[in-house]
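Read in this note's numbering, the sequence shown has 71 at position 64, and its numbers run on one by one without any break. Note that beta-carbon positions come from the ideal geometry of N, C-alpha and C, so glycine has one too.
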Amino acid sequence: MSLTVSPDLQQQAQQGLVSDEDFIECIRESLPYAWSVVSGLVDEMRSSGGDFAGNQQVPPDDEAQGQLLRLVASDAMRNAVEQRYGVRLAFQNCCHVGLFTPEARDAYDAFVSPQAQLLNQRPELINC
8 MSLTVSPDLQ QQAQQGLVSD EDFIECIRES LPYAWSVVSG LVDEMRSSGG DFAGNQQVPP
68 DDEAQGQLLR LVASDAMRNA VEQRYGVRLA FQNCCHVGLF TPEARDAYDA FVSPQAQLLN
128 QRPELINC
């Protein structure tokens, strides 16, 4: 299961009444490691004034890795995070998360290129 959904939120979803904020809160509570990675990158990008922030730290365990994978693999969750922070989110392997401002098209395109994917390979990431 990707998210831990309360009965109240489940009922709201059945009625079509889920707010963006409620969905974000569900993501934050269900995927604390993934949320901390993304929110930390947002803070880093804002404090530096740059148009990119990236994380290459390998998740500490399988649970954390799974959280990160679930967040970036879900279009709904990824879109919610991107809209909340006004960024584009990209992902390589099991740990390389990149956040980009909307204007950073060239940097984003370079990050998601086949060349970047191949250059980001490391033996310890073979099973992710």
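In the three-state reduction of the DSSP assignment, residue 12 falls in the coil class, being assigned neither a helical nor a strand state. A contact between stretches requires three or more CB pairs, one per stretch, nearer than 8 Å, and the segment 83 to 95 meets this requirement with the segment 104 to 120. In this structure, the straight-line span from the alpha carbon of residue 61 to that of residue 110 is close to 16 Å. Pairwise C-beta distances place the segment 74 to 93 in contact with the segment 27 to 35, as three or more of them are shorter than 8 Å. In this model, residue 49 and residue 106 are separated by some 7 Å (Cα to Cα).
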